[in-house]
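Read the structure below first, then the notes.
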Amino acid sequence: SSVTLTDVGGTTGGTWSSSASGTAAVATATGVVTGIAAGTATITYTANTASCGSAYTTFAFTVNALPAAGAITGGTAACEASALALANATGTAGGNWASSNTAVATISSTGIVTGVAPGTAAISYTAVTATCGNATTSVGFTINPLPVSGAIAGTTSLCPSSTTTLTDAAAGGTWVSTNAHTTHAGGVVTGVTPGIDTIGYSVTNGCGTSVARAVVTVYPSPATAPITGPSTVCAGASAALSDSVAGGSWSVSTALATISGSGIITGLSAGTLAPTYTVSNYCGSSFTTRSFTVAPIVTPAVTITASPGTSVCLGDVVHLTANPVNGGTSPACTWKKFGAHIGAGATYSYLPSNGDAITCEMVSNENCISTAIAVSPVSTMSVAGFETPTIHITASSDSVTSAGQVISFTASVTGGGAAPAFQWFINGGAIAGATNATYAQTFTSSHAVYCEMISNAPCDSTTYAHSNFLFIYVGNLGIAHTENGSEALSIYPNPNTGSFEIEVPAHENEVTITIIDVNGKAVKSMVITDNKQLKIPVGMGNAIPGVYMIKAQVGNTCYNRKVVVMQ
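If you're matching positions, the sequence shown starts at -7 in the working numbering and goes up one per residue.
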């Protein structure tokens, strides 16, 4: 390069010269200095005059060296993703490295080339100086590809004896296998035994070997074992079923029960069903079933049978028998009287007392029961003593005061049993057809009525009973008014021993007193003409003890009253 020098303030027209023209050459007339080689030289400018001689001045001048690029060494190729160190020992130190295609290769500041992708790039080294510029050298560089095995495609699950074809898009590779559970011919793989193999596809080039791998599973053919566990469950309860082969699923095809994924079956309604255990895999399904019963929930109950019955006579032994319902194979019965324990077992015999409250408390061992304990209804013992039956009769009236008047008789009995038999009598004669507890009759004359009863009570000391006598008085049917048992007629004392006093109401007429026995016979008559006498004494002498009818007729009014004569 060149540079022009000038002499400021000197005489013009001088000459220029170099002390080392091999380093720096200067044009004599112009002062243009040209660098020839690196080094230093003294440049002199001499001013000449015709009259006064010459003068000169000097200037030290340096010629700097040009930069040296040198030669790149270390190689011209590398593999993808690898690194290679380049050098430039002959070039100016401290230069810069560069790649023309960083998508193919990059280079560091120290000359380390890294392959990015297959292809070519120019790697350059530039020597740099501060005064004389740059110098560059380059070399063509190739990035070779790594081997690519691609990806294995195809079905990687198969069954014993079945085949699958695997493929790989990369060309030129070879197939390899661990060969424990499969065989292969190229990419055709055949299952042999259940298990897992790794199938490989290998591709090799100058940059190495790449292997693609696929895991191939040979599944076993599905199989199940017999279902184990209970064969019955109660409605509303659960039981656990199992199968020795794991991984299956449980199902039921009915609304009688539900079953969980772990085999817990819950009964819903009574009936029979078939729970199913299914094992499924890539190679298909296998299932097994078994019969299963959902038993209904039943309620235990017990009743008591008593022999000869719950109604017995004093001294009879009662034999009690428990009648279980849903009691299971061996129900246990506890006998209680008024809630207190008196015995145990299916039967119990004892001598009862009247009013005993007997129950049987049964404990059931049936499987599906709502409760384990059932108590029978109370059996109440009726114990009858040996009593004498009695009969007593009453009448709607003891006198007839008008023609056609019906007198109704009613028998009241004790100890007669459930269906006693009756027979009514008039004046000692049996009345045909009068065999009920009631009897009705019209009377035209006075009669004595009684009734006989035959008892059917089981514990009576005798079956026959005779009632009291009723005397029906038939007087003057034309009497205007009759007071039957009126409080207006009083007898004192009553009962008595044959002597008593009859008090009649105040009156203005004579009084007729008639005393009639139970056979209808008038045993005494009295007429009191003193209408002022209200208390009438009566003496019956040696009257037979019994009931007598007192008839007191005062004017048109008749009063009736009974009197009892005792010994």
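The beta carbon of each residue, even a glycine, is placed where N, CA and C say it ideally should be.
Does any CB atom of chain C fall closer than 8 Å to the CB of residue i?
i           : result
residue 437 : No chain C appears in the structure shown, which is made up of a single protein chain.
From the options, pick the residue whose C-alpha is nearest to that of residue i; which is it?
i           : options            : result
residue -4  : 29, 35, 30, 2      : 35
residue 373 : 385, 346, 359, 360 : 346
residue 94  : 112, 380, 79, 65   : 112
residue 523 : 539, 496, 510      : 496
residue 118 : 88, 145, 138, 100  : 88
residue 363 : 355, 369, 462      : 355
residue 514 : 548, 466, 366      : 466
residue 312 : 300, 306, 114      : 300
residue 82  : 64, 69, 97         : 64
residue 378 : 415, 304, 392      : 304
residue 146 : 139, 155, 415, 138 : 155
residue 380 : 274, 459, 243      : 459
residue 558 : 549, 548, 543, 532 : 532
residue 273 : 51, 401, 400, 149  : 149
residue 564 : 302, 208, 309      : Given a span of -7 to 559 for the chain in the structure shown, any question on residue 564 remains unanswerable.
residue 400 : 56, 442, 80        : 442
residue 136 : 241, 214, 97, 249  : 97
residue 267 : 285, 498, 293      : 285
residue 528 : 498, 549, 79, 508  : 498
Thinking residue i and residue j are a contact (beta carbons under 8 Å), I'd like their distance in whole angstroms, please.
i           : j           : result
residue 419 : residue 440 : 6 Å
residue 6   : residue 38  : 5 Å
residue 464 : residue 417 : Actually they do not touch by this definition, with Cβ atoms about 13 Å apart.
residue 169 : residue 191 : 5 Å
residue 84  : residue 121 : 7 Å
residue 316 : residue 376 : The pair is not a contact, with the Cβ atoms about 31 Å apart (cut-off 8 Å).
residue 385 : residue 462 : 6 Å
residue 407 : residue 430 : Going by Cβ atoms, the distance from residue 407 to residue 430 rounds to 19 Å, so no, they are not a contact pair.
residue 543 : residue 506 : 4 Å
Excluding five sequence neighbours on each side, which residues of the same chain lie with their C-beta closer than 7 Å to the C-beta of residue i?
i           : result
residue 178 : 167
residue 351 : 328, 367, 368, 370
residue 556 : 486, 487, 539
residue 510 : 440, 461, 463, 538, 539
residue 215 : 237, 271, 278
residue 473 : Model confidence at residue 473 stands at a pLDDT of 41, short of 50, so the residue's coordinates are unreliable; what they give is reported in the following sentence. Correct list, in chain order: 548, 549.
residue 255 : 232, 233, 234, 242
Cα separation between residue i and residue j?
i           : j           : result
residue 185 : residue 257 : 35 Å
residue 32  : residue 62  : 25 Å
residue 342 : residue 403 : 38 Å
residue 541 : residue 409 : 33 Å
residue 161 : residue 195 : 11 Å
residue 212 : residue 247 : 34 Å
residue 251 : residue 320 : 28 Å
residue 289 : residue 323 : 17 Å
residue 181 : residue 158 : 7 Å
residue 72  : residue 29  : 45 Å
residue 116 : residue 107 : 15 Å
residue 91  : residue 2   : 54 Å
residue 75  : residue -1  : 58 Å
residue 231 : residue 357 : 19 Å
residue 521 : residue 501 : 7 Å
residue 423 : residue 445 : 14 Å
residue 340 : residue 537 : 55 Å
residue -6  : residue 110 : 47 Å
residue 125 : residue 86  : 13 Å
residue 24  : residue 18  : 5 Å
residue 389 : residue 551 : 13 Å
residue 302 : residue 330 : 15 Å
residue 452 : residue 306 : 11 Å
residue 270 : residue 283 : 15 Å
residue 53  : residue 16  : 8 Å
residue 518 : residue 554 : 16 Å
residue 46  : residue 123 : 36 Å
residue 437 : residue 310 : 55 Å
Taking 8 Å as the limit between beta carbons, can you name the residues of its chain near residue i, skipping five residues before and five after?
i           : result
residue 287 : 224, 225, 226, 227, 259, 262, 359, 360
residue 485 : 492
residue 296 : 312, 313, 314, 315, 350, 351, 352, 368, 369, 371
residue 201 : 139, 194, 195
residue 336 : 324, 325, 326, 327
Excluding five sequence neighbours on each side, which residues of the same chain lie with their C-beta closer than 6 Å to the C-beta of residue i?
i           : result
residue 545 : 504
residue 291 : 362
residue 144 : 158, 160, 193, 204, 206
residue 104 : 75, 77
residue 173 : 184, 185, 187, 189, 210
residue 11  : 33, 34
residue 130 : 114, 116
Check whether the stretch 232 to 248 and the stretch 203 to 223 touch, using three or more Cβ-Cβ pairs below 8 Å as the test.
They touch, by the three-pair rule.
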